[in-house]
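So the sequence shown is numbered by my numbering: it starts at 1 and just counts up by one. The beta-carbon is built from N, C-alpha and C at its ideal position, and this holds for glycine as well. Quick notes on the structure that follows.
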Amino acid sequence: MLPHRKKATHEEGDGLRVGFEVHVIGGVRQIPASEDRGGVELGVQIGTGQKKTPTDDNAAAPVQRLEAEEPSEPLRARRLSEAVNQLGPATPYVPRGQRKERSLTTLTFWMAAVTCILAVAAVAAVMSARKKQAQAPDQSIVFTAEQSFGEEKAYFLDNLNPLIREAEALLNQYAVAKSPEQVLPLVRDSSRVKARLTALWHPMGGLEKSQSIEAGLVDDEVRPALVLKGRKADFAPFGIYFVRESGHLKIDWEASEGIGDAQLSELRASKTVVKGVKVRVTMKPGDFYTPEFPESDYRSYQLIAANGEEFVWAFVRKSSSTADLLEAELNESSVLLQKEKAVEATLRISGPLRENVNIFEITEMLHKGWISP
1 MLPHRKKATH EEGDGLRVGF EVHVIGGVRQ IPASEDRGGV ELGVQIGTGQ KKTPTDDNAA
61 APVQRLEAEE PSEPLRARRL SEAVNQLGPA TPYVPRGQRK ERSLTTLTFW MAAVTCILAV
121 AAVAAVMSAR KKQAQAPDQS IVFTAEQSFG EEKAYFLDNL NPLIREAEAL LNQYAVAKSP
181 EQVLPLVRDS SRVKARLTAL WHPMGGLEKS QSIEAGLVDD EVRPALVLKG RKADFAPFGI
241 YFVRESGHLK IDWEASEGIG DAQLSELRAS KTVVKGVKVR VTMKPGDFYT PEFPESDYRS
301 YQLIAANGEE FVWAFVRKSS STADLLEAEL NESSVLLQKE KAVEATLRIS GPLRENVNIF
361 EITEMLHKGW ISP
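Next comes the structure, spelled out in structure tokens:
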């Protein structure tokens with residue numbers, strides 16, 4: 001802006017107009033004063049005009065006034081309850097990292113829930129399959145009729161004390177017997193077991209009097225029985241089973257001694273192959289396999305004699321019904337029940353595979369335990 005010259009007064013019309021000129025680089029115009037106000041009004045128009053002398057047209061042009069806006073109504077403080085009702089509750093700010101952690105926690109929760117549902121469904125499927133399997137008939141197992149079993153068990157429970165005294169009297173006679181002839185009247189199925197008893201029976205040698213005799217009821221096998229446990233005179237443990245025959249207790253000699261049609265010691269020494277021979281053994285799952293009995297087609301078991309000193313390896317074909325029964329007895333496929341380490345069972349086996357190769361095949365499971373129906 002250049003120095004301005006002294007303002008001049010122009011007489012136009014009835015009113016007084018006062019103005020002054022400002023020299024601006026690029027052009028100058030005179031801005032007329034307002035006619036309807038009593039004061040002096042100054043206006044400046046900056047542009048690129050070519051004339052320095054004001055004209056009437058310029059005088060009539062509107063003047064841009066710099067005026068302060070009317071003050072608006074001041075903001076009024078509101079109560080928090082009014083703001084919440086209008087805008088809703090405030091949402092706290094959650095950092096992005098924390099939001100990711102919450103998302104992972106939610107995802108983990110839903111994955112765990114789905115896993116639990118699948119596990120429950122799998123357990124239900126296994127239990128349903130086992131129930132159907134248990135309902136399927138199998139000719140290899142001979143069970144006592146349920147009604148008869150219940151009646152026999154009820155008789156033992158109702159007459160337990162007299163039966164224990166009767167069993168103790170039989171035990172005392174058996175413990176001091178010197179010959180098979182003295183034992184045969186005391187045992188079950190004496191005529192059938194006579195040959196085996198004569199060949200395998202050994203004197204018990206008396207009882208250790210300082211040791212108490214424990215009595216128990218066996219009701220988890222195919223026939224209820226009473227068992228007396230204690231120690232012989234040489235402190236060796238014993239367990240003698242008693243069953244009812246013709247209204248009186250008899251010693252089940254085969255079950256008490258773990259006697260079958262053949263003993264494992266006899267089979268180990270045999271030079272000929274036997275087919276379907278009955279044995280009473282303790283059965284344990286094994287992990288031993290051979291080229292003749294591969295793991296892909298067979299399950300392996302260790303068969304242990306009653307004395308715990310003899311054992312052989314035996315296999316059962318996975319596709320057979322016998323394999324399903326053995327697996328059920330040991331709870332091998334259960335996801336809920338505890339797997340059994342060993343189970344007493346009466347089996348039929350064939351073998352040995354070759355001479356001096358004590359490997360056998362399980363062909364039939366007759367029943368759980370050593371007490372026959």
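Separation of E361 from T322, as counted between CA atoms: 11 Å
K250, buried or exposed, once every other Cβ within 10 Å from all chains shown has been counted against 16: buried
Minimum C-alpha distance to K209 - residue among P237, V222, E166, Q182: For K209, the nearest C-alpha among the options comes from P237.
Distance, A314 Cα to A169 Cα: 40 Å
Inter-residue spacing [alpha-carbon to alpha-carbon] between W370 and G258: CA-CA distance, W370 to G258, rounds to 7 Å.
Sequence-distant residues of its chain with Cβ nearer than 8 Å to W253 (five each side left out): V183, V187, R188, V193, L197, W201, I259
Environment of P224 [buried if 16+ CB atoms lie within 10 Å]: buried
N- and C-terminal bounds of the alpha helix (DSSP H) containing W253: 253–257
Separation of Y155 from D220, as counted between CA atoms: 16 Å
Under the three-state DSSP convention, the category Q302 falls into: strand
When V273, K278, R299 are compared against P285, the one with the closest alpha-carbon: Nearest of V273, K278, R299 to P285, Cα basis: R299.
8 Å CB neighbourhood of K318 in its chain, flanking five on each side removed: D297, Y298, R299
Check whether K232 and A177 have beta carbons under 9 Å apart: no
Alpha-carbon spacing of S265 relative to G150, whole angstroms: One C-alpha to the other measures close to 37 Å.
According to DSSP, residues forming a beta bridge with T282: I304, E344
Outcome for S372 when other beta-carbon atoms lying within 10 angstroms are tallied against a minimum of 16: Classification of S372: buried, given that the 10 Å Cβ count is 16 or more.
Rounded straight-line distance, which links the Cα of E245 to that of T272: Distance between the alpha carbons of T272 and E245 is about 37 Å.
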